[in-house]
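Novice: Here it is, the structure in full.
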Amino acid sequence: MTARPRILLTRRWPEAVERRAGARFEVTLNPDDRPLSEAELATAMRTHDALCPTITDRVTAAVLGVSDRRADIVASYGVGYEHIDLAAARAAGIRVTNTPGVLTDATADLALTLILMTARRSGEGERELRAGAWTGWRPTHLLGQSLKGKRLGLVGFGRIAQATAERARFGFGMEIAYYARRPAPADIADRLGARFVPDLGDLLADADFVSLHVPGGTETRHMIDGAALARMRPDAILINTARGDVVNEAALIAALQERRIAGAGLDVFAGEPNVSPALRVLDNAVLLPHLGSATRETREAMGLRVLANLEAWFDGKPTPDTVA
Ligand code: NAP
117 MTARPRILLT
127 RRWPEAVERR
137 AGARFEVTLN
147 PDDRPLSEAE
157 LATAMRTHDA
167 LCPTITDRVT
177 AAVLGVSDRR
187 ADIVASYGVG
197 YEHIDLAAAR
207 AAGIRVTNTP
217 GVLTDATADL
227 ALTLILMTAR
237 RSGEGERELR
247 AGAWTGWRPT
257 HLLGQSLKGK
267 RLGLVGFGRI
277 AQATAERARF
287 GFGMEIAYYA
297 RRPAPADIAD
307 RLGARFVPDL
317 GDLLADADFV
327 SLHVPGGTET
337 RHMIDGAALA
347 RMRPDAILIN
357 TARGDVVNEA
367 ALIAALQERR
377 IAGAGLDVFA
387 GEPNVSPALR
397 VLDNAVLLPH
407 LGSATRETRE
417 AMGLRVLANL
427 EAWFDGKPTP
437 DTVA
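Everything in the sequence shown is counted per the working numbering, starting at 117 for the first residue and increasing by one.
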């Protein structure tokens, strides 16, 4: 019998998928589920045939460029890949894969969760009740806003943005506009009633809710900066389920403090897992700990997708989700 490929999962995966991985591969688990250091990741590239990282791992040029490297594939658990130095991977001839599609619905559900929580001031209400400060029903208590007829401006119009548009339009009667580098195919835009806005500032100025869906990385870093926030209306709300770095967090905090925008619903942060104390005390911000894809079904599907890429690779077939 030929030796089974050795793979390293940098974090704990749902048990069913870890078991499934063990049926085909010799699997190294991370029993403590703590983020691995750069040195540990580099060692893994020397001692394993595949590295399976997540967003909490920094797969740098130093990790990918180790001498005596054994691993030729980095199969990442997640759709975003800005934590992997793709140029270094290409230079070293290392295959990189991700897990697109299987987390689209869960993440769009979470974007709607944040839209609803900010619109209906759910976080404020829950905090008030838990603090024992609720004095009972009254006509003017914690008034939020309705979604029907409100304009949702999507920044980026890929899988998750479109799934968010679908929920917002057909579930809640919102109007959809999007900013992207190019218009979407007519059949997709027509079905969602989505209007293309070629200028980001115009989209921001027009929207009741702005929801971010571009990938992270140098190209989109601080795409929403102080100037962009200044284009938003004082009654508008910013939703971010994309990546923390897409927003200049200091500028956002200032805009929220000074009520230059009405609120923000955030699932991602610049320095995760550290969240600015200034942000944590703001009543007009809803803050979630990066829960976008966090359903049992989705996290299992993500693991299976990593395994599908590894199986294809070790069977000498094309990997289904090739990033580099
Ligand atoms: P996707 O289908 O690739 O969509 C990304 C979209 O962004 C594409 O339509 C792309 O358009 C557009 N885009 C890229 N760079 C842009 C730029 N500079 N300006 C304008 N548009 C730009 O990806 P997805 O599956 O929807 O995922 C989107 C992101 O969500 C991921 O990259 C990840 O960071 C984040 N995410 C977060 C969570 C969470 O837990 N919160 C979960 C899943 C994903 P082009 O066609 O022009 O490239």
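Beta carbons: idealized from backbone N, C-alpha and C, even for Gly. From a predicted model like this one, the values you see are computed outputs, not experimental measurements.
Once the 5 residues before and after GLY333 are set aside, which same chain residues still bring their CB inside 6 Å of it?
Specialist: Here residue 333 corresponds to residue number 217 of the sequence shown, with the count starting at 1. Excluding sequence neighbours, GLY333 sits near GLU198.
Novice: Could you check if HIS406 belongs to the surroundings of the ligand NAP, using beta carbon to heavy atom distance under 7 Å?
Specialist: Position 290 of the sequence shown, counted from the first residue, corresponds to residue 406. Yes, the ligand NAP has a heavy atom inside 7 Å of this Cβ.
Novice: Among LEU407, THR411, ASN425, PRO434, which residue has its Cα nearest to the Cα of LEU230?
Specialist: Taking the first residue of the sequence shown as position 1, residue 230 is located at position 114. Residue LEU407 is the option with its Cα nearest to LEU230.
Novice: What are the complete alpha helix (DSSP H) segments, minimum 4 residues, inside the stretch 150-177?
Specialist: With a minimum length of 4 residues, the continuous alpha helix (DSSP H) runs that stay inside the stretch 150-177 are 154-163.
Novice: Would you mind stating whether THR435 and ARG211 have Cβ atoms separated by less than 8 Å?
Specialist: Locating residue 435 in the sequence shown gives position 319, where the first residue counts as 1. Locating residue 211 in the sequence shown gives position 95, where the first residue counts as 1. Their beta carbons are under 8 Å apart, which means THR435 touches ARG211 by this criterion.
Novice: Taking only the alpha-carbon atoms, compute the straight-line gap between ARG185 and ASP165 and give it to the nearest angstrom.
Specialist: Position 69 of the sequence shown, counting from 1, holds the residue named residue 185. Position 49 of the sequence shown, counting from 1, holds the residue named residue 165. Roughly 9 Å between the two C-alpha positions.
Novice: Please indicate yes or no: does the CB of VAL384 lie closer than 7 Å to some heavy atom of the ligand NAP?
Specialist: As a first step, residue 384 is located in the sequence shown; it is residue number 268 there, counting from the start. Yes.
Novice: Measure from the C-beta of LEU423 to each C-beta in chain D and report whether the shortest distance is under 8 Å.
Specialist: Of the protein chains in the structure, only one exists, and it is not chain D.
Novice: When DSSP labels each residue in this structure, what does GLY387 get in the three-state scheme?
Specialist: Reading the sequence shown from its first residue, position 271 is the one you call residue 387. Residue state, collapsed to three classes: strand.
Novice: Are the stretch 357-364 and the stretch 329-344 touching by the rule of at least three beta carbon pairs closer than 8 Å?
Specialist: Enough Cβ pairs lie closer than 8 Å, so yes.
Novice: Tell me whether GLU291 sits in a helix, a strand or coil according to DSSP, three-state version.
Specialist: Indexing the sequence shown from 1 puts residue 291 at position 175. Note: GLU291 maps to strand in three-state DSSP.
Novice: State the Cα-Cα distance for the pair ARG275 and GLY217, rounded to the nearest angstrom.
Specialist: Taking the sequence shown and counting its residues from 1, the one referred to as residue 275 is at position 159. Taking the sequence shown and counting its residues from 1, the one referred to as residue 217 is at position 101. Going from the Cα of ARG275 to the Cα of GLY217 covers about 7 Å.
Novice: Kindly list the residues whose CB is nearer than 6 Å to the CB of ASN400, restricted to its own chain and excluding five residues on each side of it in sequence; keep chain order.
Specialist: Residue 400 sits at position 284 when you count from the first residue of the sequence shown. Once the five neighbours on either side are set aside, the close Cβ partners of ASN400 are LEU372, GLY379.
Novice: Where does LEU258 land, buried or exposed, given buried means 16+ other C-beta within 10 angstroms?
Specialist: Here residue 258 refers to the residue found at position 142 when the sequence shown is read from its first residue. The residue in question, LEU258, is exposed, as its Cβ has fewer than 16 Cβ neighbours within 10 Å.
Novice: With a threshold of 6 Å on Cβ separation, who are the neighbours of LEU404 within its own chain once the five nearest residues in sequence on each side are excluded?
Specialist: Along the sequence shown, one-based indexing puts residue 404 at 288. The answer, listed in chain order, is ASP383.
Novice: Which residue marks the beginning of the alpha helix (DSSP H) containing ALA305, and which one marks its end?
Specialist: Taking the sequence shown and counting its residues from 1, one reaches residue 305 at position 189. ALA305 -> alpha helix (DSSP H) spans 302-308.
Novice: How about ALA224 and ARG283: are their beta carbons less than 8 Å apart?
Specialist: Position 108 of the sequence shown holds residue 224. Position 167 of the sequence shown holds residue 283. Yes. Within cutoff.
Novice: Using the Cα positions of ALA296 and MET339, report the straight-line distance between them to the nearest angstrom.
Specialist: In the sequence shown, counting from the first residue as 1, residue 296 sits at position 180. In the sequence shown, counting from the first residue as 1, residue 339 sits at position 223. Approximately 12 Å, taken between the alpha carbons.
Novice: So what does ILE189 bridge to, in DSSP terms?
Specialist: For the purposes of this step, residue 189 is taken as the residue at position 73 of the sequence shown. Partner(s): ALA166, ARG211.
Novice: Should GLY269 be counted as a contact of the ligand NAP given a C-beta to heavy atom distance under 7 Å?
Specialist: Here residue 269 refers to the residue found at position 153 of the sequence shown. For the ligand NAP, not one heavy atom lies less than 7 Å from the Cβ of GLY269.
Novice: Check for me: the alpha helix (DSSP H) holding ASN146 runs from which residue to which?
Specialist: Here residue 146 refers to the residue found at position 30 when the sequence shown is read from its first residue. Segment: none, ASN146 is in no alpha helix (DSSP H) and carries neither H nor E.
Novice: Rounding to the nearest angstrom, what Cα-Cα distance links ILE353 and ALA305 in this structure?
Specialist: Here residue 353 corresponds to residue number 237 of the sequence shown, with the count starting at 1. Here residue 305 corresponds to residue number 189 of the sequence shown, with the count starting at 1. Those two C-alpha atoms are separated by around 23 Å.
Novice: Which one or two residues does DSSP pair with PHE325 in a beta bridge?
Specialist: Taking the first residue of the sequence shown as position 1, residue 325 is located at position 209. The partner list for PHE325 (beta bridge, DSSP) reads LEU268, ILE353.
Novice: The ligand NAP and GLY419: does the residue's C-beta get closer than 7 Å to at least one heavy atom of that ligand?
Specialist: Taking the sequence shown and counting its residues from 1, one reaches residue 419 at position 303. No, Cβ of GLY419 sits at least 7 Å from all heavy atoms of the ligand NAP.
Novice: Please report how far the alpha carbon of ASN364 lies from the alpha carbon of GLY432, in whole angstroms.
Specialist: By one-based count along the sequence shown, residue 364 stands at place 248. By one-based count along the sequence shown, residue 432 stands at place 316. Whole-angstrom Cα-Cα distance: 43 Å.
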